[in-house]
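In this text, residue positions in the sequence shown follow this note's numbering: the first is 10, and each later residue adds one. Cβ atoms here follow ideal geometry from the backbone N, Cα and C, with glycine treated the same way. These numbers come from a predicted model, not from an experiment. One structure is given below, encoded as structure tokens.
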Amino acid sequence: MITIRPKILEKDGKKEFVVLTYEDFIKIQEELEDYEDLKVLREAKQEEANASTVDLKEAKKELGLK
Numbered sequence: 010m011i012t013i014r015p016k017i018l019e020k021d022g023k024k025e026f027v028v029l030t031y032e033d034f035i036k037i038q039e040e041l042e043d044y045e046d047l048k049v050l051r052e053a054k055q056e057e058a059n060a061s062t063v064d065l066k067e068a069k070k071e072l073g074l075k
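Right under this line is the structure:
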């Protein structure tokens, strides 16, 4: 979990904007990138869940390796 220090700016008594330090912005950006990577990995694993496999011995045989 990351810690950020947002500054909330109000307009007419309502929360309107958030100001972050550049360091906090980078932290959030990196967390979002990691989250996207995790989503893509999970989607790929789900798509391949029922894919057929070949054991190493068979793969070597098919490729003509010892």
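Per the DSSP calculation, residue i is bridged to which residue(s)?
{"i": "residue 18", "result": "26"}
Is it the case that the Cβ atoms of residue i and residue j are separated by a distance below 8 angstroms?
{"i": "residue 13", "j": "residue 43", "result": "no"}
{"i": "residue 78", "j": "residue 36", "result": "The chain is shown only over 10 to 75; residue 78 falls outside these bounds and no answer can be derived."}
Would you mind giving the Cβ-Cβ distance between residue i and residue j, rounded to the nearest angstrom? I have them listed as a contact below 8 angstroms.
{"i": "residue 16", "j": "residue 27", "result": "7 angstroms"}
{"i": "residue 69", "j": "residue 75", "result": "7 angstroms"}
| query | Which full runs of the alpha helix (DSSP H) of 4+ residues lie inside the segment 28-71, going along the chain? | reply | 31-56
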